[in-house]
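> Sequential numbering of the sequence shown, starting at 170, is according to our numbering.
Every residue, glycine too, gets a C-beta built ideally from N, C-alpha and C.
What follows is a single structure, and I will ask about it in a moment.
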Amino acid sequence: MSAALPYALSFVAGTMPFVVVEELIPNSQTNGNTNVVTIGFMTDFVIMMILDVALG
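Below is the structure:
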């Protein structure tokens with residue numbers, strides 16, 4: 170079981186960007202909040218990448 174844990178966590182981590190792109194961004198575009206959501210998504214992605222590099 171513990172040997173499969175990294176693969177399971179990688180799969181789950183990969184599904185979250187899919188959910189954001191497929192569900193939240195189109196939903197925000199129908200409500201007129203395109204700039205806020207797009208800037209928020211890009212900012213969160215940059216913060217995630219900085220933490221990934223910094224914490225290694």
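Within the stretch 170-206, note down every full alpha helix (DSSP H) run reaching 4 residues or more, in order along the chain.
174-188 and 194-200
> Less than 8 Å between the CB atoms is what I'm expecting for ILE194 and PHE210, so what's the real figure, rounded?
7 Å
> What's the gap between the Cα of GLU191 and the Cα of THR199?
13 Å
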